[in-house]
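Student: For reference, the structure I am asking about is given below.
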Amino acid sequence: MSPDEGEHATMKVNRSAARIAVVGAVLAAVVVAWSAVSGGASDTGSGPYRHGIVVVGDSITARYDDQADSPQQGWWSFVGRHFDAPVSTFAQSGSGYQRPGLRCSGNRFVDRPEAFHGPAPSVFIVEGGRNDWASCREGHFVVSTDAAVANAVNHYLDVLQRRLPASTRIIVLGPPWGPLDPWQGKRITSIVHTAAIRHGVEYVSTTGTLDSYERVVDGVHPNRAGSAAIADRVIEALSKPAAG
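What follows is the structure in C-alpha cells.
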C-alpha cells in the first residue's frame, strides 16, 4: 500500500468513527428526551394506585410543587403522598380545554400527547376549565360561547376514552374556582359537569373549596389551604370504588 493509499484509508476510518460517534450521541439524546417526557410514569408506588396518577391541568396544577410542608405544595402532591402514588403533571398556566395557555401562545389540554406516553396510569385526572371563560382571537381574549366550551370538553373526553384503557380510572374535576367571576364559574362548571355525565366519566366537584379569600392568594390561585381543600375532595373520591 502506498503512503497515499494508507492516508486515504486512515481518513475513511476516522470518518466512519466520527459517524458512529454522532449516531451514538443522537441515540443517547433520544433516550434522554424520552425519559424526560415520560417522567415518573414507569415508577410504581405501594398504594392502591401503584401505577401512578397523571394530571393534565392549568396553573392550579402548574404553579405548585411536590415538597411536603411547602407553602406551594400542590393539591396533586397531597393526593399522591396520601396514596403513595407517583404523580406526573402535564400542566400549563392559562390553558384549558379550548384555550391555549401562556396568554394564547401556549397549548390546550388536547395538545399534550406526552400525557399518554409510557405505561397506562392507574388514574388520569383532568383539572381545568377556569380559563375557558375566554377564547383566543388574534392573541386577545374574547368571551367564549357555551357551544365552543362544550365542544372542546366533549372532544377531550372523547380522546381520553379512546386513548386510555378501561383499567385507568378517569376523573374530571369541576373547575376549582376562586371568589372572582362567580357567574363565569357557574357557567363553565355546568358545561364541564354536563360533559362528564354525557361520557359516563367520574366527576368530582370542587365547589366551595376556593370560595373564601382565606384560601386563595389573588382571588384565583389557591394558597396551601386551598390546595389542601381541593386535595381533600380528590382523596375522598379515590378512597371509594369508582362510580358505576
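Each residue of the sequence shown is one higher than the one before, starting from 1 at the first, in my numbering. By construction, the Cβ of each residue, glycine as well, lies at the ideal position given by its N, Cα and C atoms.
Please classify Ile-230 as buried or exposed, where buried requires at least 16 neighbouring CB atoms within 10 angstroms.
Tutor: buried
Student: Would Leu-238 pass as a contact of Gly-226 if the rule is Cβ separation under 9 angstroms?
Tutor: no
Student: I'd like to check one pair, Val-142 with Ile-171: are the Cβ atoms closer than 9 angstroms?
Tutor: No, Cβ-Cβ distance for Ile-171 and Val-142 is not below 9 angstroms.
Student: Could you say if the region 135-155 and the region 61-69 meet the contact criterion of at least three C-beta pairs nearer than 8 angstroms?
Tutor: no
Student: I need the boundaries of the beta strand (DSSP E) containing Ala-150, first residue and last residue.
Tutor: In the DSSP assignment, Ala-150 falls outside any beta strand (DSSP E) and lies within the alpha helix (DSSP H) extending over 146-163.
Student: Counting along the chain, where does the beta strand (DSSP E) carrying Val-123 start and finish?
Tutor: 123-127
Student: Measure from the alpha carbon of Thr-44 to the alpha carbon of each residue in Val-56, Ser-88 and Thr-61, then state which is nearest.
Tutor: Ser-88
Student: Would you mind reading off the limits of the alpha helix (DSSP H) that contains Ser-59?
Tutor: 59-62
Student: When you compare only the Cα positions, how much space is there between His-221 and Pro-119?
Tutor: 31 angstroms
Student: Taking C-alpha atoms, which residue in Glu-127, Val-149 and Gly-101 lies nearest to Leu-173?
Tutor: Glu-127
Student: Is it the case that the Cβ atoms of Lys-175 and Arg-130 are separated by a distance below 9 angstroms?
Tutor: Note that residue 175 is Pro in the sequence shown here, rather than Lys. The answer is yes: Cβ separation under 9 angstroms.
Student: Excluding the 5 residues preceding and the 5 following Ser-46 in the sequence, name in chain order all residues of the same chain whose CB lies nearer than 6 angstroms to its CB.
Tutor: Asp-84
Student: By how many angstroms is the C-alpha of Pro-182 removed from the C-alpha of Lys-240?
Tutor: Going by the C-alpha atoms only, they are around 30 angstroms apart.
Student: Hey, quick one: how far does the beta strand (DSSP E) through Phe-116 stretch, first residue to last?
Tutor: Counting along the chain, no beta strand (DSSP E) covers Phe-116, and no H or E run does either.
Student: Judging by CA-CA distance, which residue of Arg-169, Ser-59 and Asn-223 is the nearest neighbour of Ala-243?
Tutor: Arg-169
Student: Would you call the CB atoms of Asp-58 and Gly-94 closer than 9 angstroms?
Tutor: yes
Student: So, for Ser-42: in the same chain, excluding its five sequence neighbours on each side, which residues have a beta-carbon less than 8 angstroms away from its beta-carbon?
Tutor: Note that Ser-42 scores a pLDDT of 39, beneath 50, so its modelled location is shaky; the value from the coordinates is reported in the next line. Correct list, in chain order: Gly-118 and Pro-119.
Student: Determine the direct distance from the alpha carbon of His-82 to that of Gly-106, and round the result to whole angstroms.
Tutor: 32 angstroms
Student: By DSSP's criteria, Arg-137 is part of a beta bridge. Which residues make up the other side?
Tutor: His-140
Student: In this structure, how does DSSP classify Val-79 when only helix, strand and coil are distinguished?
Tutor: helix
Student: By the DSSP assignment, the beta strand (DSSP E) with Ala-237 in it spans what residues?
Tutor: That residue, Ala-237, is in no beta strand (DSSP E); its alpha helix (DSSP H) goes 224-238.
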